[in-house]
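Student: I have a structure here, written as structure tokens, and I will follow up with some questions on it.
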Ligand code: NAD
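Following this line, the structure appears as structure tokens:
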């Protein structure tokens, strides 16, 4: 067990909040216990952030000079992939192969935002008079970034890279359950030479530390990733402050397999889409609609292959389904499967924790497939955030889009078909932020991401990702001394 200090406005200091504990979900062992952040730490972090971002040493940097800091952070992340991956695996229970990929993607995010920053342009707009008109962008101030436990390094980077690129300071409120990788991320940023004050990493209790950050008068934007009810509460506070927020929230994403799909490819994609990350993914494809004509054959094969997935320790290269983040979360997933049983579901595979040996101490749950429910069932409407898939046959394609859209969420959708016209038509009718056609759970930092409906507001990633952390300003330059309309008025 190691001691951990918090990064408070660029200085490493003891947290002054209550103890927080990180335990390894694979073994149940406690790996770190230390004081998390308090409201006083938030206040200090925001005050230091405000000073640092107004310091000419940061404020007056040219874009290529600021981009240089982002490149150095990217290099620091690349040089520490193994260390970041090991910490995040210990903290979250995710497979090492996945946490390595997340660390690489965090480095890629910094490189992309550095490049985007160097190529961002202000505009000279078409003028409607004897003046030159410009539209320029400026930093907002101190940004609050609130991140969840499921992919902390990637979520932190997706917020911190564009917010710093835009010239702001950032206070990260990382999740209480998984504090370690965000602190390591902070260490790498500071070792890259980031000026003091610009970054804080404050793991701590959401309802206290996160709430104080949202309410702080000097926080000028909140970028939040987490659950829908938390996001809605943040939006209410933001409304009172008239503060912009971006909200990346929950999902209950539909996947549709049409009769003409490449079955083998679809089965692989569906298993990956819902069971990778042990289903703890906002975009998990957890509602599966299969064309009636191929339903039985398809589901039989899907279940057979799901039974062969390796459930095991996260540092075993063969593991495909690692433990869940905590025992409490595993139990909540098990409770949902009991709800499904009570709703009349048939458990086609899984539906329990594996038993014996390594499984006794870790937060494991078997990949689970349920049938016999319709889309109105609670199990189809509520986010379970675990390795649970509901399969449903469909006969009528006319009614299908209504069923797929019949959800409070609108994050993602998967379509499996060889018919490009059908794929196009469905992709335009489905009300989600992302559609994957003959693939699933693939990402590019260059492609914006976000949700509709209860899945959120705003977009992250892409070139405009930096603009989301900037205020737009218009400038008019008079070009001559011609009198303005009222200057001719005589007494
Ligand atoms: P959560 O909402 O409980 O917590 C997210 C973060 O918010 C944590 O840091 C938490 O401490 C903080 N928080 C909690 N209460 C707060 C409050 N009152 N004020 C301010 N901050 C507060 O979510 P979680 O359980 O950590 O994460 C899982 C959820 O995140 C799922 O719903 C998942 O779908 C969603 N998620 C969405 C995306 C996306 O990009 N759309 C990505 C990952 C996770």
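Residue numbers (the working numbering): 15 to 505. A virtual CB, placed ideally from N, CA and C, is assigned to each residue, including glycine.
#1: Among 377, 147 and 392, whose alpha-carbon lies nearest the alpha-carbon of residue 384?
#2: So, under 8 Å CB-CB, residue 186 and residue 161 are touching, yes? Tell me the CB distance rounded to an integer number of Å.
#3: Return yes when the C-beta of residue 105 is under 7 Å from any heavy atom of ligand 1, and no when it is not.
#4: Less than 7 Å between the CB of residue 162 and some heavy atom of ligand 1, yes or no?
#5: Closer than 7 Å by C-beta to residue 493: which residues in its own chain qualify, once you throw out the five before and the five after it? Chain order, please.
#6: Helix, strand or coil, according to DSSP, for residue 15 in the structure here?
#7: Give every residue of the same chain whose Cβ lies closer than 6 Å to the Cβ of residue 308, excluding the five residues on either side of it in the sequence, and list them in chain order.
#8: How about residue 267 and residue 246: are their beta carbons less than 8 Å apart?
#9: Can you find the residues in the same chain that come closer than 6 Å, C-beta to C-beta, to residue 288, ignoring five residues on each side of it along the sequence?
#10: Is the beta carbon of residue 401 sitting closer than 8 Å to the one on residue 434?
#11: Which residues in the same chain as residue 453 place their Cβ atom closer than 7 Å to its Cβ, once the five residues preceding and following it in sequence are excluded?
#12: So that I know if they touch, is there some Cβ in chain E lying closer than 8 Å to that of residue 288?
#13: Runs of 4 residues minimum, wholly inside the stretch 280 to 329: which ones carry the alpha helix (DSSP H) assignment?
#14: Figure out for me which residue from 261, 411 and 177 has the closest Cα to the Cα of residue 83.
#15: To the nearest angstrom, report how far apart residue 291 and residue 316 are at their CA atoms.
#16: Can we say the stretch 76 to 96 touches the stretch 204 to 214, given the rule of at least three CB pairs closer than 8 Å?
#17: Below 7 Å, is the gap between the Cβ of residue 165 and the nearest heavy atom of ligand 1?
#18: Evaluate contact between the stretch 125 to 133 and the stretch 66 to 84, counting only Cβ atoms and requiring at least three cross-stretch pairs below 8 Å.
#19: At the level of alpha carbons, what is the spacing between residue 285 and residue 169?
#20: Going by C-alpha to C-alpha distance, which of 183, 325, 42 and 94 sits closest to residue 66?
#21: Between residue 363 and residue 375, how many whole angstroms is the CB-CB distance? I'm expecting something under 8 Å.
#22: Assuming residue 435 is part of the alpha helix (DSSP H), what are its boundary residues?
#23: With distance defined between alpha-carbon atoms, name the residue in 77, 482, 163 and 40 nearest to residue 328.
#24: List the whole-angstrom C-beta distance separating residue 423 from residue 388, where the pair is believed to meet the contact cut-off of C-beta under 8 Å.
#25: Go ahead and pull the three-state DSSP assignment for residue 220.
#26: Within 10 angstroms of the Cβ of residue 371, are there 16 or more other Cβ atoms? Answer buried if so, exposed if not.
#27: Do residue 335 and residue 347 have their C-beta atoms within less than 8 Å of each other?
#28: Measuring CA to CA, which of 171, 414 and 107 is closest to residue 293?
#29: Is residue 138 buried or exposed, if buried means 16 or more other CB atoms sit within 10 Å of its CB?
#30: If the criterion is Cβ atoms closer than 8 Å, does the pair residue 475 and residue 459 meet it?
#31: Does the Cβ-Cβ distance between residue 31 and residue 61 come in under 8 Å?
#32: State the Cα-Cα distance for the pair residue 24 and residue 198, rounded to the nearest angstrom.
#33: Let's test the definition: count the other Cβ atoms within 10 Å of the Cβ of residue 43 and tell me whether it reaches 16, buried, or not, exposed.
#34: Hey, is the stretch 206 to 224 in contact with the stretch 93 to 107, meaning 3+ C-beta pairs nearer than 8 Å?
#35: Select from 394, 337, 368 and 345 the residue whose C-alpha is nearest the C-alpha of residue 354.
#36: Closest to residue 409 by CA distance: which of 360, 333, 303 and 473 is it?
Tutor: Let me lay it out:
#1: Position 370 of the chain shown holds residue 384. With distances taken between Cα atoms, residue 384 lies closest to 392.
#2: The residue you call residue 186 lines up with position 172 of the chain shown. The residue you call residue 161 lines up with position 147 of the chain shown. So it is a contact: roughly 7 Å between Cβ atoms.
#3: By one-based count along the chain shown, residue 105 stands at place 91. With a cut-off of 7 Å, the C-beta of residue 105 is classified as distant from ligand 1, since no heavy atom of the ligand falls inside that distance.
#4: Stepping through the chain shown from its first residue, residue 162 is reached at position 148. Yes, since a heavy atom of ligand 1 falls inside the 7 Å radius drawn around the Cβ of residue 162.
#5: In the chain shown, counting from the first residue as 1, residue 493 sits at position 479. The answer, listed in chain order, is 144, 145 and 146.
#6: Locating residue 15 in the chain shown gives position 1, where the first residue counts as 1. Confidence is the limiting factor: at residue 15 the pLDDT is only 44, short of 50, which leaves the residue's position unreliable, though a coordinate-based value still follows. Here residue 15 sits in coil by DSSP.
#7: Here residue 308 refers to the residue found at position 294 when the chain shown is read from its first residue. Cβ within range, chain order: 273.
#8: Counting from 1 along the chain shown, the entry for residue 267 is found at position 253. Counting from 1 along the chain shown, the entry for residue 246 is found at position 232. Not a contact, by the Cβ cut-off of 8 Å.
#9: Here residue 288 refers to the residue found at position 274 of the chain shown. Here the set comprises 298, 299, 300 and 403.
#10: What you label residue 401 is simply residue 387 of the chain shown in a count that begins at 1. What you label residue 434 is simply residue 420 of the chain shown in a count that begins at 1. Against a cut-off of 8 Å, the Cβ pair of residue 434 and residue 401 comes out as no contact.
#11: The residue you call residue 453 lines up with position 439 of the chain shown. Once the five neighbours on either side are set aside, the close Cβ partners of residue 453 are 283.
#12: Judged by its chain identifiers, the structure shown contains no chain E, having just a single protein chain.
#13: 306 to 320, all fully within the stretch 280 to 329.
#14: As a working note, residue 83 is residue 69 in the chain shown. Minimum Cα distance to residue 83 is reached at 177.
#15: Position 277 of the chain shown, counted from the start, is the residue given in the question as residue 291. Position 302 of the chain shown, counted from the start, is the residue given in the question as residue 316. Taking the straight line joining both Cα atoms gives about 18 Å.
#16: With a cut-off of 8 Å on Cβ pairs, the stretch 76 to 96 is in contact with the stretch 204 to 214, counting three or more such pairs.
#17: The sequence position of residue 165 within the chain shown is 151, counting from 1. It does: the Cβ of residue 165 is within 7 Å (strictly closer) of some heavy atom of ligand 1.
#18: yes
#19: Position 271 of the chain shown holds residue 285. Position 155 of the chain shown holds residue 169. Spanning the two alpha carbons is a distance of roughly 23 Å.
#20: Reading the chain shown from its first residue, position 52 is the one you call residue 66. Nearest option by C-alpha distance: 183.
#21: Translated into the one-based positions of the chain shown, residue 363 becomes position 349. Translated into the one-based positions of the chain shown, residue 375 becomes position 361. That belief does not hold up - the Cβ atoms of residue 363 and residue 375 are roughly 24 Å apart, past 8 Å.
#22: On the chain shown, residue 435 is found 421 positions in, with the first residue counted as 1. Run containing residue 435: 434 to 443, per the alpha helix (DSSP H) assignment.
#23: As a first step, residue 328 must be located in the chain shown, where it is residue number 314. Comparing Cα-Cα distances from residue 328 to each of 77, 482, 163 and 40, the minimum goes to 40.
#24: As a working mapping, residue 423 is identified with position 409 in the chain shown. As a working mapping, residue 388 is identified with position 374 in the chain shown. No, residue 423 and residue 388 are not in contact; Cβ-Cβ is about 17 Å, not under 8 Å.
#25: On the chain shown, residue 220 is found 206 positions in, with the first residue counted as 1. In this structure, residue 220 counts as helix in the three-state DSSP scheme.
#26: As a working mapping, residue 371 is identified with position 357 in the chain shown. Exposed: under 16 other Cβ atoms inside 10 Å.
#27: Residue numbering aside, residue 335 sits at position 321 when the chain shown is read from its first letter. Residue numbering aside, residue 347 sits at position 333 when the chain shown is read from its first letter. Contact: no.
#28: Position 279 of the chain shown, counted from the first residue, corresponds to residue 293. Ranking the options by Cα distance to residue 293, first place goes to 107.
#29: By 1-based counting over the chain shown, the position of residue 138 is 124. Label assigned to residue 138: exposed.
#30: As a first step, residue 475 must be located in the chain shown, where it is residue number 461. As a first step, residue 459 must be located in the chain shown, where it is residue number 445. Closer than 8 Å, so yes.
#31: As a working note, residue 31 is residue 17 in the chain shown. As a working note, residue 61 is residue 47 in the chain shown. The answer is no: Cβ separation not under 8 Å.
#32: For the purposes of this step, residue 24 is identified with residue 10 of the chain shown, where counting begins at 1. For the purposes of this step, residue 198 is identified with residue 184 of the chain shown, where counting begins at 1. Computed Cα separation, rounded: 13 Å.
#33: Along the chain shown, read from residue 1 onward, the residue named residue 43 stands at position 29. Exposure of residue 43 is indicated by the presence of fewer than 16 other C-beta atoms within 10 angstroms of its C-beta.
#34: no
#35: Along the chain shown, one-based indexing puts residue 354 at 340. When only C-alpha atoms are compared, the closest one is 394.
#36: The count along the chain shown starts at 1 and reaches residue 409 at position 395. Comparing Cα-Cα distances from residue 409 to each of 360, 333, 303 and 473, the minimum goes to 303.
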